[in-house]
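Going down the list, the protein sequences come from chains D and F.
Mapping of the first sequence onto UniProt numbering: position 171 corresponds to residue 171, and the numbering continues sequentially without gaps.
Mapping of the second sequence onto UniProt numbering: position 200 corresponds to residue 200, and the numbering continues sequentially without gaps.
Number of protein chains: 2
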Amino acid sequence: MNEFEIIKHYFTADSGRKDVIMGPGDDCALLQVPAQTLLAVSTDTLVSGVHFFADMEPSALGHKALAVNLSDLAAMGADPRWVSLALTLPAVDEVWIKGFCAGFFELAEYYNVALVGGDMTRGPLSITVTVHGTLPEGKGLRRNGARIGDGIYVTGTLGDAALGLKAALGEARVPAAHLEFVRNKLEHPHPRILAGQALRDIASSALDISDGLAGDLGHIVTASGVRAQLELEQLPLSEAMLASVSREQAWQLALTGGDDYELCFTVPESHRGLLDTALSHCGVKFTRIGRLVPGEPGLELLADGGPCELDLHGWDHFRSRP
Amino acid sequence: MNEFEIIKHYFTADSGRKDVIMGPGDDCALLQVPAQTLLAVSTDTLVSGVHFFADMEPSALGHKALAVNLSDLAAMGADPRWVSLALTLPAVDEVWIKGFCAGFFELAEYYNVALVGGDMTRGPLSITVTVHGTLPEGKGLRRNGARIGDGIYVTGTLGDAALGLKAALGEARVPAAHLEFVRNKLEHPHPRILAGQALRDIASSALDISDGLAGDLGHIVTASGVRAQLELEQLPLSEAMLASVSREQAWQLALTGGDDYELCFTVPESHRGLLDTALSHCGVKFTRIGRLVPGEPGLELLADGGPCELDLHGWDHFRSRP
C-alpha cells in the first residue's frame, strides 16, 4: 500500500463525533466548536531514541503518543475532542502501523477523541500529536494562579516511570514482582482527564508532571510568584518504588523523574472539602505534599522536621536517552 | 540557553491577536473561536533529507514550514488564525533557530497568524506545523464538490518548484537569469490565502498542489466521481520553464512536480464572471486548463487536438530526495 492507501485504511475510521464536520482526507479538518467555550490546543513530539526506545512495542508507543498529549488537556481541565497525528516513519511497515494504531485508537476511543487529520512522512521515527479540547469560557487550570497558603497536591504516585526507565537501562534493580508495574507506568501512562475536569472549579493552578515534579512545580512557582515548601515524607511512593531503592533515591526519582504524567496542582485551604469530594467521586488517589509560603519564588524541601538538600535536575529533552 | 529559555526568548512574542486568551507557556493554548464559524485544522511535517536539503537556509525553511501549512488553509478557503510549531533539532543551535524564526515569523506576521504553542525536542531535524483557521459556517472548499461541466483552473504557473529541485540536483540546466526564480519557487512558496478566500463562494472544489497537479487533481476526480479533461497546451508555464526544458518535459514537470502550492479548483460555467472579478480583485493570476466531462473518474490528457500519453507519477513522500 502507498501513503494514501495506508492513510485511508488505517487512519480514517469514523469516530461518530457530530462536531467533526469533515474528518481526514481533505486539505483541512472542519470542526464545530460549541458556543461559550474556549478551544484548548497542545502539541507534543516523541522522538525515537530520545523519548522512547527504538524497539518499543508499537501499540504501547501509539498509546503513549496520544496519552502524553491528552495529559496536557487534563492539566488544563479541558474536555478532549479531536487529535491530529503526524507520523514520520523510516519505511512503510504495515505490521508496525497496525500495532501503533491499535494502541492509539484504543485510548482515543476511551476518551471519545476523533482523529481528524495529520500527515505521514518518511524519515527517522518520530510522532507529533496535536490535541484539541474545549473548556467553558472563563475556566482553565493555569500555572499562574497559585497563592500563598494554598496546599500543593499530586495525583497517583511519583517517580515510577523513571524507575521503569532505570530498570530497562540496567541502572536499578526492581524486584520481578514489580517489573510489569513500573514498565507499564513508563509505557502506558494514563492521562488524568477526569481529575483535570473535576479540578476546574477547585484548583488555583495545575500542570502535568512530564519533566519531574521539582522542575514542573518550578513553573507554577515562577509563574505565580510564590514559594513552595515540600514535605518529602509526604511524596506518594509506590510499593514498587519502596521495594527497589532507598528512601533518598525514591525522593530523587519522585522529584526529578520524567514521564509520570500525574497532575500537580494547588488548592486554597477553603476548597479542601470540595477537593476531597470531587476527586474521590472520580476515583483518583491524590496526596497533599506541601504548601505555598511567603518568600522568594523557589522550592524548599523539608524532611525529618528540617530543611533537606537534594540534586534537583529535571528532565532535559536535550539530554538523550541511550 | 536551555530548552525553556530558548522557547521563552524566540517563540513567545505576543502576536497582539485578541482571540488568543492564552499563548505559549502553559499546558495548552486557549483560543476564542468566533460564533458561527467552523474551525479548520491542518498538519504537515517537513523532514530533513526528504522534504528539504539538510543545509537549506534556516530562514527559508522557517518560511516554507509555515507556508506549506497555510497553503492547506488556503485550499479550504479559510482565514488563518493560529499555529503550533513542533521543532525537532539535532542540537540547540541559536544561530540556526534565530534564522528559522526570522523566516517563520515574517510569514506569520504577514498573515496575522499567532504562534500559540508547540514543542522543541532533540532528534533528527524535522518540523511539524499545525495551522488553525476559521470559515463561516456552511463554507469550505472541499474536494468532493466538482460536477460535470465545471471548468478546471490553477493559480500561478506549474512545475517551477520541481524545476528548481532538478536544477539543485544537477538534473536540469536552468539559464542563470532564471535560477533565482526557480529556487525561490522551491524554497519560498507563497500560500494562496487571498485566492482561497475569494473562491469560497465561487469554486465547487479546490485543493493545493503539493504532490503534482496530476496526483492532486486525481483526489478531486476520485472524491467527486468525475472525469477530468486537461488541455496540456493550456498549462501555465513560467518563462524559466520554457527557457530550460522541452515542451514535453515542461508538461511532465507541471503535471508531476511537487511543492508548487498553487491552488487547483473547479468552477461551474455560471460562475465564470464572478471568478474573473474575484481573482483579478486580489491580483492572482489564474488559468483555465480543462473541464470535467462524463465518463469513468480519471484524467484525460489532450494535446495538439488529440489524446496524449505521459508518465504521471505524483510526488511520493516515501521516495526520498538524495
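For every residue, glycine included, the Cβ atom is placed at its ideal position computed from N, Cα and C.
Practice task
Note the first and the last residue of the continuous beta strand (DSSP E) segment covering Gln229/F.
Solution key: Arg227 to Glu231
Handout entry: Where the beta strand (DSSP E) containing Arg142/F begins and where it ends
Key = That residue, Arg142/F, is in no beta strand (DSSP E); it is neither H nor E in DSSP.
Practice task
Please work out which residues of its chain come closer than 6 Å, Cβ to Cβ, to Gly117/F, disregarding the five sequence neighbours upstream and downstream, and give them in chain order.
Solution key: Pro24, Ala29 and Ser84
Problem - Ile202/F - containing alpha helix (DSSP H), residue span - result: Unbroken run through Ile202/F: none, as it is neither H nor E.
Practice task
Check whether the Cβ of Thr222/F lies closer than 7 Å to any Cβ atom in chain D.
Solution key: no
Problem - Partner residues on chain D for Val50/F, Cβ-Cβ distance less than 9 Å - result: Thr88, Thr121, Arg122 and Gly123
Practice task
Compare the Cα-Cα distances from Val50/D to each of Glu106/D, Val20/D and Ser126/D and report the closest residue.
Solution key: Ser126/D
Handout entry: Phe52/F to Ser59/F span [Cα, whole Å]
Key = 13 Å
Problem - Whether Pro297/D touches Thr222/D by CB criterion (7 Å) - result: yes
Exercise for the section: Please state if the CB of Gly133/D and the CB of Pro80/D are separated by a distance shorter than 7 Å. Expected result: yes
Exercise for the section: Would you check if the region 278-286 of chain D and the region 212-219 of chain D touch, i.e. whether three or more CB-CB distances between them fall below 8 Å? Expected result: no
Exercise for the section: Measure from the alpha carbon of Lys98/D to the alpha carbon of each residue in Leu302/D, Ile7/D, Gln229/D and Glu262/D, then state which is nearest. Expected result: Ile7/D
Practice task
Quick one: using the 10 Å Cβ neighbour count with 16 as the cut-off for buried, is His178/F buried or exposed?
Solution key: buried
Problem - CB contact check: Asp27/F to chain C, cutoff 7 Å - result: Within the model displayed, chain C is absent; protein chains D and F are what it includes.
Practice task
Spatial neighbours of Glu300/D within its chain, please: CB distance less than 8 Å, with the 5 preceding and 5 following residues excluded, ordered by chain position.
Solution key: Arg227, Ala228, Gln229, Leu230, Val293 and Pro307
Practice task
Use the C-beta contact count for Arg142/F: other C-beta atoms within 10 angstroms, 16 or more gives buried, fewer gives exposed.
Solution key: buried
Practice task
Report all residues from its chain with a CB closer than 6 Å to the CB of Gly164/D; omit the five preceding and five following residues, and keep chain order.
Solution key: Val182, Arg183, Lys185 and Leu186
Practice task
Kindly say whether Val284/D, judged by its beta-carbon, lies nearer than 7 Å to any beta-carbon of chain F.
Solution key: no
Handout entry: Cβ-Cβ separation, Ile209/F to Tyr153/F (assumed contact under 8 Å), whole Å
Key = Between Ile209/F and Tyr153/F the Cβ distance is about 12 Å, and since that is not below 8 Å, they are no contact.
Practice task
Could you pull the start and end residues of the beta strand (DSSP E) that Val41/D belongs to?
Solution key: Thr37 to Val47
Exercise for the section: Assign Pro58/F to one of three DSSP states: helix, strand, or coil. Expected result: helix
Exercise for the section: Please go through the same chain and pick out, in chain order, the residues whose beta-carbon is closer than 6 Å to the beta-carbon of Asp316/F, but skip the five residues on each side of it. Expected result: Because the pLDDT at Asp316/F is just 41, under 50, the model does not fix this residue reliably, and the value given afterwards should be weighed accordingly. Excluding positions up to five away in sequence, the list is empty.
Exercise for the section: Have a look at Phe4/F, Leu275/F and Asp259/F and flag the residue whose alpha-carbon is nearest the alpha-carbon of Thr266/F. Expected result: Leu275/F
Practice task
Could you work out which residues of chain F lie near Ala35/D, taking near to mean beta carbons separated by less than 7 Å?
Solution key: Ala35
Practice task
Quick one: which unbroken beta strand (DSSP E) runs of 3-plus residues sit fully inside the UniProt domain "PurM-like C-terminal" (148-295) of chain F? Chain order, please.
Solution key: 151-155, 205-208, 227-231, 263-267 and 286-293
Problem - Proximal residues to Lys166/F (C-beta, below 7 Å), its chain only, five neighbours per side dropped - result: Ala172
Exercise for the section: Would you kindly check if the distance between the Cβ of Ala86/F and the Cβ of Thr43/D is under 7 Å? Expected result: yes
Problem - Three-way DSSP call (helix, strand, coil) for Leu107/D in this model - result: helix
Exercise for the section: Quick one: grab the DSSP three-state call for His51/F. Expected result: coil
Practice task
For Val95/F, go through chain D and note every residue whose CB falls closer than 7 Å to its CB, in chain order.
Solution key: Correct list: empty, because the minimum Cβ distance to chain D is about 16 Å.
Practice task
Figure out for me which residue from Gly257/D, Ala54/D and His219/D has the closest Cα to the Cα of Pro90/D.
Solution key: Ala54/D
Practice task
With 7 Å as the threshold, decide whether the Cβ of Asp44/D is near any Cβ in chain F.
Solution key: yes
Practice task
Taking Pro90/F as part of the beta strand (DSSP E), name the residues at either end of that continuous run.
Solution key: Premise fails: Pro90/F is in no beta strand (DSSP E) and is neither H nor E.
Exercise for the section: Say whether chain D places a C-beta atom closer than 7 Å to the C-beta of Asp19/F. Expected result: no
Exercise for the section: Within 10 angstroms of the Cβ of Trp202/D, are there 16 or more other Cβ atoms? Answer buried if so, exposed if not. Expected result: The sequence as given places Ile at residue 202/D; Trp does not occur at that position. Classification of Ile202/D: buried, given that the 10 Å Cβ count is 16 or more.
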